Each structure stands twice: as structure tokens, then as C-alpha cells.
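The sequence shown begins at 185 in the working numbering and counts up one residue at a time.
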Amino acid sequence: MADLAESLDRVARIQREWARERPDVDVRPQGVIGRLHRLGAYLTEELCVVYRKYGLGEGDFDVLAALRRAGAPFERAPGELAEHTMVTTGAMTKRVDRLERAGLVSRRASESDGRGRVVALTPQGRELIDRAFSEHMANECRLLAALTEEEVAHLESLLVKWLAATEGPHA
């Protein structure tokens, strides 16, 4: 019995305990949800190692990456940035303030909307996000290395399907 318990991961042990204590409840969903939750926490920490190396938080990286993905001249309106990073405009203001103080972004009045503002990467911000993004992608490759290419493709397909069912296809 001890050999079986040692071979079970944490989630399997939790499921086994719940099945013993509450046999009337189907605990199979914990097998997926529990492992995704644990994996998500692990992945976030591993991704943040790279961000911290560049003096960035997760949110800072997201803002700089959203600006870089916009293409030249590497700028977006704050509301558009919020949409591309899935945060509120209030949270976006704090992030942009921090990045502006660091010299990584600048703000200016919008040419198309006199009341609007535009956030843009500075040359220093572009150089930083280009270096950080290259290392970030190498890190993501490292994190997926335990899976074959086919497994990665299958997992991605399943996650696309599941996410579309929860967020909608265009979220």
C-alpha cells in the first residue's frame, strides 16, 4: 500500500482521500483542474524568473509586449492596451506610470483624438522587450520540453477548445 501512495502525485492522493471520505461525490474533475492549477502556479513562477531578470513584473512585460506586437511606431491607446493585456484601465494606468518612470514608455496626446492619449515604447523599452521576449520564448520552449511536438499540438488543441467554451471564440 505504501508503494502505491508514494507513486501517486499530490492530486491523486487528494482524490483518493476524498473518494474515501466522500464516495458519493465524483472527484475525477480534480484530476484535471487540480493538476492545471498546480501547473499554472509553477509555470507563472518560472516565467516570472525571466521577467525579474529584466527588472519587470508580469504586468510590465505584458504591456511592453503588447506595444511591441503593435508594430511600428509601437504605440497603442491605453484602452487598447488594456484589451490586449486583459486588465482594467485603472490597473493599466499604474503599469504605464511605472514603465514611464523607468524610461521604457512615453505618453503623448493622440493625433486623432484631442482628449485621448497614446502610450509608446521608447527606444530603451523596445530594446529591453526584444531581449526579454527572446529569453521568454526560450524559457517557454524549456518548459514544454517534457512533451513531444505531437503532445504539445494535442494539448494546445484541447486548451483552445476548452478556453473557447469558457471565454468565447474571440476572447
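Each residue gets a CB set at the ideal place from its N, CA and C atoms; glycine is no exception. Because the structure is a prediction, the values reported are computed rather than measured.
Item, Value
"Three or more C-beta pairs below 8 Å linking the stretch 266-286 and the stretch 234-245", "yes"
"Separation of E229 from A337, as counted between CA atoms", "23 Å"
"DSSP-derived helix/strand/coil call for L223", "helix"
"Close-in-space but distant-in-sequence residues of the same chain around G300 (CB under 8 Å, 5 per side omitted)", "A261, A293, S294"
"Contact set for L223: own chain, Cβ-Cβ below 8 Å, skip 5 residues either direction", "none"
"Counted within 10 angstroms of its Cβ, other Cβ atoms place M321 as buried (16 or more) or exposed", "exposed"
"Contact set for R219: own chain, Cβ-Cβ below 7 Å, skip 5 residues either direction", "V195"
"Whole alpha helix (DSSP H) elements within the stretch 281-316, 4-residue minimum", "none"
"Counted within 10 angstroms of its Cβ, other Cβ atoms place A266 as buried (16 or more) or exposed", "buried"
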